[in-house]
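> Just dropping this structure here.
See below:
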């Protein structure tokens, strides 16, 4: 099963690379580089096996922007594509480990190993891609292809998917996805409202409402990416974001029976993290696309609101201006984009987990010992009532059915 899932996953990433290759302008595939060659290079580039030309490394996907004459978005606009290989490996490992049927709560490592078996199918596809990749005028390093694309991605992210499948019930992750979507939606609404307190001195000629919407995207991205360099009332986007993650972490545990320890409360709250990271990556891509200097100068009535926010230090730390139409966004490069998505997911997943710990502590603050705590908690809905295992210290976690 692992080999089939791994090969299928690699082919999904490959198809995505070839679809993008067809969209490249003709100037990219002229000469000795064919569409098949550029598709293979794109597939490997998605996994940071970066092609080299003339001794210079370059990402392939942003070449699609060569179609544009004036508006050329930053490369990180396509950063979401560089998150997808990790995501599909994670889902493949999750899928494979979901076929485990044993109920041994100590088998989380086995679930992780089951997820990592996708390497059996993923690695051969990457080796073939590395061997078929062009060597002139653009080339890739075959060794990097094998250890990074062929081994690290399926072992790390497939294993992580397997571990998550073994630790959480399927419904827990679906609830986490719903809560993550709610957090993102509420963040945008509430941060939009904070702009009426933080963004000041807007010119009369500005398109205020649309401008506030654009500023809201930047402020939300800045708060999620921990890139806002602000103080005073301008800290409100941070307050909103942290408060929502804490609150939903608390809600997640309060609505979950059978949470018997602080560690389990943290794990319950942290179920928001995987889906949230994907949602954040999508929002980051929109924010990067809107940050191009061309838009600042072409749509001045809208971006006058953003400028007012920068001048009033409400959007501090996100932009650097280096002359006419030269605007640098905090999340500019593809590598920075992926690092920010991972960091943001870990940090705010931990915040939600902290909310879960608070909820567990509040619910057990009057307990005097393990026996009383256990008596206060209802049994896990999937744990049999009565029986030899009832009342023991055995964790209610089971591998995914």
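Numbering (the working numbering), first residue to last: 788 to 1188. C-beta: ideal position from N, C-alpha, C; glycine also.
1) Ordered along the chain, which non-local residues of its own chain (more than five positions away) have a Cβ less than 6 Å from that of residue 1095?
2) Measuring CA to CA, which of 1122, 1106 and 794 is closest to residue 941?
3) Does the distance from the C-beta atom of residue 982 to that of residue 999 stay below 7 Å?
4) Does the distance from the C-beta atom of residue 1093 to that of residue 1004 stay below 7 Å?
5) Give me the Cβ distance between residue 1035 and residue 1135, rounded to the nearest whole Å; I'm assuming they're in contact under 8 Å.
6) Taking 7 Å as the cut-off, decide whether the C-beta atoms of residue 772 and residue 937 are in contact.
7) For residue 834, is the classification buried or exposed, using 16 other Cβ atoms within 10 angstroms of its Cβ as the cut-off for buried?
8) Report the option in 1145, 1065, 918 and 1041 whose CA atom is closest to the CA atom of residue 933.
9) Candidates 1087, 1048 and 1129: which alpha carbon is nearest residue 1152's?
10) Determine the burial state of residue 806: buried for a count of at least 16 other Cβ atoms within 10 Å of its Cβ, exposed for fewer.
11) Spatial neighbours of residue 820 within its chain, please: CB distance less than 7 Å, with the 5 preceding and 5 following residues excluded, ordered by chain position.
12) Touching or not, the region 1066-1086 and the region 1115-1122, by the rule of three or more beta carbon pairs under 8 Å?
13) Name the one or two DSSP bridge partners that residue 839 has.
14) Give a yes or no on whether the C-beta atoms belonging to residue 863 and residue 1120 are separated by under 7 Å.
15) Under 6 Å Cβ to Cβ from residue 851, same chain only, skipping five residues before and after it: list those, please.
16) Would you check if the distance between the CB atom of residue 967 and the CB atom of residue 1007 is smaller than 7 Å?
17) Please name the residue or residues paired with residue 1114 in a DSSP beta bridge.
18) With distances taken from CA atoms, which of 841, 1108 and 801 is nearest residue 825?
19) Return the CA-CA distance between residue 1084 and residue 969, expressed in angstroms with no decimal places.
20) For the structure I just gave you, are there three or more beta carbon pairs, one from the region 1011-1031 and one from the region 834-843, closer than 8 Å?
21) Taking the alpha helix (DSSP H) that residue 898 belongs to, which residues open and close that run?
22) What residue does the alpha helix (DSSP H) around residue 852 start on, and which one ends it?
23) I'd like the list of long-range same chain contacts for residue 944, defined as Cβ closer than 6 Å, with 5 residues on each side in sequence excluded.
24) Where do the N-terminal and C-terminal ends of the alpha helix (DSSP H) with residue 1067 fall, by residue?
25) Could you tell me which uninterrupted alpha helix (DSSP H) segments, each at least 4 residues in length, are contained entirely in the region 941-1023, listed from first to last along the chain?
26) Where do the N-terminal and C-terminal ends of the alpha helix (DSSP H) with residue 1130 fall, by residue?
27) Once you ignore the five residues that flank residue 914 on each side, which residues in its own chain have a CB closer than 8 Å to its CB?
28) Taking the C-alpha atoms as reference points, what is the distance between residue 1146 and residue 1137?
29) Among 1105, 1142, 804 and 854, which residue has its Cα nearest to the Cα of residue 1014?
30) Is it right to say residue 965 is buried, meaning 16 or more other beta carbons lie within 10 angstroms of its own, or is it exposed?
Let me lay it out:
1) Taken in chain order, the residues that qualify are 986, 988 and 989.
2) Measuring from the Cα of residue 941, the nearest candidate turns out to be 794.
3) The answer is yes: Cβ separation under 7 Å.
4) No, the pair does not count as a contact, with Cβ atoms beyond the cut-off.
5) Contact doesn't hold; Cβ gap of about 10 Å is too wide.
6) The displayed coordinates of the chain run from 788 to 1188. Any statement about residue 772 would go beyond what the structure contains.
7) Buried, since its Cβ has 16 or more Cβ neighbours within 10 Å.
8) The shortest Cα separation from residue 933 among 1145, 1065, 918 and 1041 belongs to 918.
9) Nearest of 1087, 1048 and 1129 to residue 1152, Cα basis: 1048.
10) It is exposed - the Cβ of residue 806 has fewer than 16 other Cβ atoms within 10 Å.
11) Result list for residue 820: 921 and 925, in chain order.
12) Counting Cβ pairs under 8 Å, three or more are found: they touch.
13) Its beta-bridge partners are 844 and 926.
14) Yes; because the gap between Cβ atoms is below 7 Å, this pair is in contact.
15) Excluding residues up to 5 positions away in sequence, 810 and 811 lie with their Cβ nearer than 6 Å to the Cβ of residue 851 in the same chain.
16) Residue 1007 is positioned such that its CB atom lies no closer than 7 Å to that of residue 967.
17) Residue 1114 pairs with 1108.
18) Considering only alpha carbons, the answer is 801.
19) Whole-angstrom Cα-Cα distance: 34 Å.
20) Because the criterion of three Cβ pairs below 8 Å is not met, the region 1011-1031 and the region 834-843 do not touch.
21) Going by DSSP, residue 898 is part of the alpha helix (DSSP H) stretching over 895-903.
22) Under the DSSP assignment, residue 852 falls outside any alpha helix (DSSP H); it carries neither an H nor an E label.
23) Non-local beta-carbon contacts of residue 944 in its own chain, meaning distances under 6 Å to residues more than five positions away in sequence, involve 873, 876 and 877 in chain order.
24) Counting along the chain, the unbroken alpha helix (DSSP H) around residue 1067 starts and ends at 1060-1076.
25) Listed in chain order, they are 946-954, 957-985 and 995-1011.
26) Its alpha helix (DSSP H) spans residues 1121-1150.
27) These residues qualify, in order along the chain: 932, 933 and 937.
28) The alpha-carbon separation between residue 1146 and residue 1137 amounts to approximately 14 Å.
29) Cα-wise, what sits closest to residue 1014 is 1105.
30) Burial check for residue 965: the Cβ neighbour count within 10 Å stays below 16, so the residue is exposed.
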